[in-house]
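S.K.: Okay, here's the structure, questions in a sec.
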Amino acid sequence: MSVADERAILPMSAPPDASVRVPGSKSITNRALLLAALADGPSTLSGALFSDDTRYMATALNLLGISVSADERESCLRVAGGGGAWPASDADLFVGNAGTAMRFLVAALALGHGRFRIDGSERMRERPVAALVDSLNQLGADVECEFQNQSPPVIVRARGLRGGRAEIDASRSSQFLSALLHVAPYAQEDVEIAVTGELIAQPYVAMTLRVMEHFGVSVERDDLRTFRIAAGQRYRAADYAIEPDASGAHYFWAAAALTGGRVRIEGLGVDSMQGDIAFVDMLERMGASVERGESYIEVRGRGPLAGVDVDMNAISDTSPTLAVLGAFTTSPLTIRNVRHLRWQESDRLHAVATELGRLGVRVEEREDGLTVYPATPKPAAVHTYDDHRIAMSFALVGLVVEGVRIRDPGCVAKTFPDYFERLEEIRP
Numbered sequence: 002m003s004v005a006d007e008r009a010i011l012p013m014s015a016p017p018d019a020s021v022r023v024p025g026s027k028s029i030t031n032r033a034l035l036l037a038a039l040a041d042g043p044s045t046l047s048g049a050l051f052s053d054d055t056r057y058m059a060t061a062l063n064l065l066g067i068s069v070s071a072d073e074r075e076s077c078l079r080v081a082g083g084g085g086a087w088p089a090s091d092a093d094l095f096v097g098n099a100g101t102a103m104r105f106l107v108a109a110l111a112l113g114h115g116r117f118r119i120d121g122s123e124r125m126r127e128r129p130v131a132a133l134v135d136s137l138n139q140l141g142a143d144v145e146c147e148f149q150n151q152s153p154p155v156i157v158r159a160r161g162l163r164g165g166r167a168e169i170d171a172s173r174s175s176q177f178l179s180a181l182l183h184v185a186p187y188a189q190e191d192v193e194i195a196v197t198g199e200l201i202a203q204p205y206v207a208m209t210l211r212v213m214e215h216f217g218v219s220v221e222r223d224d225l226r227t228f229r230i231a232a233g234q235r236y237r238a239a240d241y242a243i244e245p246d247a248s249g250a251h252y253f254w255a256a257a258a259l260t261g262g263r264v265r266i267e268g269l270g271v272d273s274m275q276g277d278i279a280f281v282d283m284l285e286r287m288g289a290s291v292e293r294g295e296s297y298i299e300v301r302g303r304g305p306l307a308g309v310d311v312d313m314n315a316i317s318d319t320s321p322t323l324a325v326l327g328a329f330t331t332s333p334l335t336i337r338n339v340r341h342l343r344w345q346e347s348d349r350l351h352a353v354a355t356e357l358g359r360l361g362v363r364v365e366e367r368e369d370g371l372t373v374y375p376a377t378p379k380p381a382a383v384h385t386y387d388d389h390r391i392a393m394s395f396a397l398v399g400l401v402v403e404g405v406r407i408r409d410p411g412c413v414a415k416t417f418p419d420y421f422e423r424l425e426e427i428r429p
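Residue numbering for the sequence shown follows the numbering used here, starting at 2 and increasing by one per position.
Set out below in structure tokens:
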């Protein structure tokens, strides 16, 4: 890899004192795109994210015959709903490493009539999808992994969805459950979904239910273990405002805590549907000051950070950032119950442990978590494994350590294309 494929992060000359607006939520954008595509009539999505993941979803919907038009300057998407049907009867879709697009579309394709194939990047071909395939087949679909290996490519021989009862193992991804919930209203019969084992990342399921409700579909549920969806419901066209991305915002909150500065995220308040705003609770436990408002959340660093021992299952996307902060705490920092991070864009637990080690930080890697010990990080070129969250998390080290470079910085285009530019903007 050449020097041109690295980005140097320069230490801050003084703590930041800034207000920041981050792009729209990837998770909400892709949910709203799919539900708008299934709705009766045209919908407008404002505040939408434009990134690799959302472009893959929009492109796939266009190939399925649903018009999705974009105005990137206005952060707006307009979707001509198809009323629960796909005009196309044959399509070969590619979604890169967009997990939401892959899982959501596999389920949605079952509502059509025809033969569909969906594939992704080399890493996507290693990521699990078998649990979702099995549950869809329980509901009367005809879906299989092309190579019989529990991963994409996936073949869907669609003839509509019968409905009935299905069990889903969501221990590797809550997106499997969300995918089933999205399509259940269009089944011929009522649908009951029973969750077996641990349901990870529960706030994302709550997000799914709230977006579904906005588009006019209600779900009966028992403690996020059993879900009942009455047949005959339809998504209604809607104007939908997408929240700023809490997963993107948390890097800037972490920057404030790490550098002893102040960063306020505008447009994202205490009523957010995104679980990742709970990252500020972790920062507060570590010693930072947090101010929460209806339309903003602000973090102020207040000196050295204390280590914590936390279960990060519900907000696991923020785990790499918390681990990075662990190198600068006054006591060890332990992250637990995030085994599913091993099946994401990279094996995030191993990637974080490896790259902290490259920076001279001692890390104990376990099957379901990490313990990071306080250190004095040294200069290094951080490898990013084509994983946007590794790149964005480790860039924070460079704000306080001389000589940190991020390799393959372009991988942040997956969810936050101008991340590095916005990080520069908080400099005093």
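Here a beta-carbon is modelled for each residue, glycine too, at the ideal position from N, C-alpha and C.
Where do the N-terminal and C-terminal ends of the beta strand (DSSP E) with His351 fall, by residue?
M.R.: Premise fails: His351 lies in the alpha helix (DSSP H), 349–359, not in any beta strand (DSSP E).
S.K.: Buried or exposed for Gly415, going by 16 or more other Cβ atoms inside 10 Å?
M.R.: One detail in the question is off: residue 415 reads as Lys in this sequence, not Gly. Under this definition Lys415 is a buried residue.
S.K.: Assuming Cys146 contacts Val155 under a Cβ cut-off of 8 Å, what Cβ separation, rounded to an integer in Å, is found between them?
M.R.: Correct: roughly 6 Å between the Cβ atoms.
S.K.: For His114, write down the residues that DSSP places opposite it in a beta bridge.
M.R.: Answer is Arg160.
S.K.: Taking the DSSP output, what are the residues bridged to Met95?
M.R.: Residue identity differs from the one stated: residue 95 is Phe in this sequence, not Met. Beta-bridge pairing links Phe95 to Asp120.
S.K.: For Thr30 and Ser14, I'd like the C-alpha separation in whole angstroms.
M.R.: Roughly 36 Å separates the two Cα atoms.
S.K.: Distance check for Asn63 and Leu39, CA to CA, integer angstroms please.
M.R.: About 13 Å.
S.K.: Is the CB of Asn150 under 7 Å away from at least one CB in chain C?
M.R.: In the displayed structure, chain C is absent; only one protein chain is listed.
S.K.: Please state the DSSP three-state secondary structure of Ala167.
M.R.: Three-state DSSP puts Ala167 in a strand.
S.K.: Let's test the definition: count the other Cβ atoms within 10 Å of the Cβ of Phe253 and tell me whether it reaches 16, buried, or not, exposed.
M.R.: Buried, because 16 or more other Cβ atoms sit within 10 Å of the Cβ of Phe253.
S.K.: If you draw a straight line from the C-alpha of Met287 to the C-alpha of Asp224, how long is it?
M.R.: Those two C-alpha atoms are separated by around 31 Å.
S.K.: How would you call Arg301, buried or exposed, if buried means at least 16 neighbouring beta carbons within 10 angstroms?
M.R.: It counts as buried.
S.K.: Hey, Gln275 and Ser26 are a contact pair by Cβ (cut 8 Å); roughly how many whole angstroms apart?
M.R.: The Cβ separation is near 6 Å, so the contact holds.
S.K.: Shortest alpha-carbon distance to Ala33 belongs to which of Gly141, Ser179, Val134?
M.R.: For the residues Gly141, Ser179, Val134, the minimum Cα distance to Ala33 belongs to Ser179.
S.K.: How far does the alpha helix (DSSP H) with Phe421 in it reach, from first residue to last?
M.R.: Looking at the DSSP string, the run of the alpha helix (DSSP H) that includes Phe421 is 420–426.
S.K.: So the beta strand (DSSP E) Arg390 belongs to, where does it begin and stop?
M.R.: Careful: Arg390 lies outside any beta strand (DSSP E), inside the alpha helix (DSSP H) at 389–396.
S.K.: Below 7 Å CB to CB, which residues in the same chain sit around Ser3 once its five sequence neighbours on both sides are set aside?
M.R.: Legend: pLDDT at Ser3 = 46, less than 50; position of this residue unreliable, no value from coordinates given.
S.K.: Excluding the 5 residues preceding and the 5 following Leu112 in the sequence, name in chain order all residues of the same chain whose CB lies nearer than 8 Å to its CB.
M.R.: Excluding positions up to five away in sequence, the list reads Leu39, Gly85, Ala86, Trp87, Ala159, Gly161, Leu162, Val184, Tyr187.
S.K.: So which of Ile194, Gly262, Ala71 has the shortest CA-CA distance to Ile427?
M.R.: Ile427 has its Cα closest to that of Gly262, out of Ile194, Gly262, Ala71.
S.K.: Going along the chain, which residues of its own chain have a beta-carbon closer than 7 Å to the beta-carbon of Asp318, five neighbours each way excluded?
M.R.: Counting only Cβ-Cβ distances below 7 Å, and skipping sequence neighbours, we find Ser248, Asp277, Arg390.
S.K.: Starting from Arg229, trace the beta strand (DSSP E) both ways and give me its first and last residue.
M.R.: Run containing Arg229: 227–230, per the beta strand (DSSP E) assignment.
S.K.: Would you identify the three-state DSSP class for Ser3, choosing helix, strand or coil?
M.R.: With a pLDDT of 46 at Ser3, under the threshold of 50, the modelled position of that residue is not reliable, and the figure given next carries that caveat. Of the three classes helix, strand and coil, the one that applies to Ser3 here is coil, per DSSP.
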